[in-house]
Amino acid sequence: MLKQLFFRSGAYFVGLVSVKLVATFLFVFLARFLQPDLFGKLTYFLTILSLLTLITDWGLVQWFQVHRTSTNEATLISRLVSARFFTLTVSVCIFLLFSLSFHSFSLVESVLFIALLVPEAFLSITDGYYLVRHRSVLIAFKQLSKYIFPILLVVFVQDKLTMQNVILSFLISSICTLVWYVPKKFFQVPSFSVSQIKETLSESSSYATLILTSALYSRGDAIILESKLGNTALGLYSAGYRYLDAMSLLPAAFAQNLFHISAQKESINKQKIITMTAVMGGLGVLFGACLFVFSHFLTTGLLGSAYEGTEIIVKIFAVVTVLLFINSPLSTIVQSSTVVKQFLPWGIMNTVLNIGLNVVLIPLAGGIGAAFVMLFTEATGLLINLYFVKQRLKKE
126 MLKQLFFRSG AYFVGLVSVK LVATFLFVFL ARFLQPDLFG KLTYFLTILS LLTLITDWGL
186 VQWFQVHRTS TNEATLISRL VSARFFTLTV SVCIFLLFSL SFHSFSLVES VLFIALLVPE
246 AFLSITDGYY LVRHRSVLIA FKQLSKYIFP ILLVVFVQDK LTMQNVILSF LISSICTLVW
306 YVPKKFFQVP SFSVSQIKET LSESSSYATL ILTSALYSRG DAIILESKLG NTALGLYSAG
366 YRYLDAMSLL PAAFAQNLFH ISAQKESINK QKIITMTAVM GGLGVLFGAC LFVFSHFLTT
426 GLLGSAYEGT EIIVKIFAVV TVLLFINSPL STIVQSSTVV KQFLPWGIMN TVLNIGLNVV
486 LIPLAGGIGA AFVMLFTEAT GLLINLYFVK QRLKKE
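Each residue of the sequence shown is one higher than the one before, counting from 126 in this note's numbering.
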């Protein structure tokens, strides 16, 4: 089981690395051409889009994987699509309230945001369909497809880059990706039943809570930075965060492939946990060391002198990388098990701790403070994961 898991995760990781290289090329050029202020605003836009999509997915990807072996797939897909239609409507309402309250984006940018919510909703929930078929590489191709038009824009329209045409290029790519990625059976009109939608969302609520806390944990710092210190500070921090995001590809690939396996009873034992954690920890040390050694080149060298302050952030993220790798198998084993409901309050408390520390430290230390908060709460998260892994082993 472990050999197949590492093989599928490795194949998926290779695909994600290819995507990340393309994405890095794209965001390096966007950072250079837009400069920290506009790049920070674009990052803020994409962060809100990503966060809102994650929240209104409402754990449906994980719900689909867990129920795939016990329920007819056609019925599951019908329930999945109808529930996502409902949460898509909710996401539009949430954004309208956000936009009216904070006026962060222009009218055109707001219209593009709402348009982007539609393809992103169905691109995200389809991931579970491919994961249970062990075709996770297609998810990597999906990510690559979503960058095609922004890359073309950077290559051919360098001197006329604006916030709006960059966002429009992301929208066109998402729509084109939707056409080839989402199976036809997802486009069949589902049977809309209020009671069934309520039941589906209730069943996926535990996973939704986990995803919400995870999303706030990973994206809350960006929102706080923008609100406290503005777009330029966010642009400097986001440039460094992109590299942490790249380092997290392998643990993310591993976690996605492990989830539906770990969800099965008696599929995990102590020896397997030790093996997975040791291998991932060793890889984390290797990846973190590379990030630390090349931090100067990756910031000032690639992005220019305007990003000199990002170097120390990248060095802190190098240590965070090690913890991310170790936490990957442990958190997945906990979150796919019956102890997840007992774990939730602790996960929420760790997220509240993360946000609280960011609120205090960001005004004092900016992006460096946010990076240290990430390091601290990854360590506390590790302690929480270890405790609940032991609880799962006791129950099985």
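C-beta atoms are modelled at their ideal positions from N, C-alpha and C, and glycine is treated no differently.
Asked, Found
"Extent of the continuous alpha helix (DSSP H) run through R531", "Residue 531 falls outside the range modelled here, since the chain spans only 126 to 521, and no answer is possible."
"At least 3 beta-carbon pairs within less than 8 angstroms: the region 243-262 vs the region 306-318", "yes"
"Supposed contact pair A443 and F422 - C-beta distance, whole angstroms, cut 8 angstroms", "Not a contact, Cβ separation roughly 13 angstroms."
"For R157, three-class secondary structure by DSSP", "helix"
"Coarse secondary structure for V444, derived from DSSP in three states", "helix"
"Own chain partners of S456 with C-beta closer than 6 angstroms, once the 5 adjacent residues on each side are dropped", "N510"
"Reduced DSSP secondary structure (H/G/I, E/B, other) of Y272", "coil"
"Nearest to S270 (by Cα), restricted to the options L296, H259, I451, L361", "L296"
"6 angstroms Cβ shell around L286 - same chain, five flanking residues per side excluded", "F158"
"Sub-9 angstroms separation of F501 and F468 beta-carbons", "no"
"Option in A208, L354, V186, T178 with minimal Cα separation from A240", "T178"
"Buried versus exposed call for W183 [16 or more other C-beta atoms within 10 Å across all chains shown]", "buried"
"Classification of G105 by the beta-carbon crowding that lies within 10 angstroms, buried from 16 upward", "There is simply no residue 105 to check, as the chain begins at 126 and stops at 521 in what is shown."
"Coarse secondary structure for F317, derived from DSSP in three states", "coil"
"Where the alpha helix (DSSP H) through L423 begins and ends", "Where L423 is concerned, there is no enclosing alpha helix (DSSP H), given that its DSSP letter is neither H nor E."
"Helix, strand or coil at A388 [DSSP, three-state]", "coil"
"Where L232 falls, given that 16 or more other Cβ within 10 Å makes a residue buried", "exposed"
"Residue burial classification, D346 (beta-carbon count within 10 angstroms, cutoff 16)", "buried"
"Where L204 falls: helix, strand or coil (DSSP)", "According to the sequence shown, residue 204 is Arg rather than Leu. Helix."
"Which listed residue (A377, A358, L411) has its alpha carbon closest to that of A496", "A358"
"Where W471 falls: helix, strand or coil (DSSP)", "helix"
"Spatial neighbours of L428 in its chain, beta-carbon cut-off 8 angstroms, leaving aside the 5 residues before and after", "V153, A156, R157, A364, T435"
"Residue closest to V291, alpha-carbon to alpha-carbon, out of T425, D252, F274", "F274"
"CB of A265 within 9 angstroms of CB of S143, strictly", "yes"
"Contact check, I438 vs G472, beta carbons under 9 angstroms", "no"
"Environment of G81 [buried if 16+ CB atoms lie within 10 Å]", "Given a span of 126 to 521 for the chain in the structure shown, any question on residue 81 remains unanswerable."
"Q460 versus L326 - alpha carbon distance", "17 angstroms"
"Cβ contact check for the region 394-410 and the region 163-181: 3 or more pairs under 8 angstroms", "no"
"9 angstroms Cβ cutoff met for S299 and L278", "no"
"Closest residue to R193 among S373, V236, F384 (Cα-Cα distance)", "F384"
"Buried versus exposed, by CB contacts within 10 Å (16 or more), N394", "exposed"
"Where S261 sits in the DSSP three-state scheme", "coil"
"Which of helix, strand or coil DSSP assigns to L408", "helix"
"Beta carbon of V498 nearer than 9 angstroms to that of L486", "yes"
"Spatially closest choice to V445 from C415, A371, E503, by CA coordinates", "E503"
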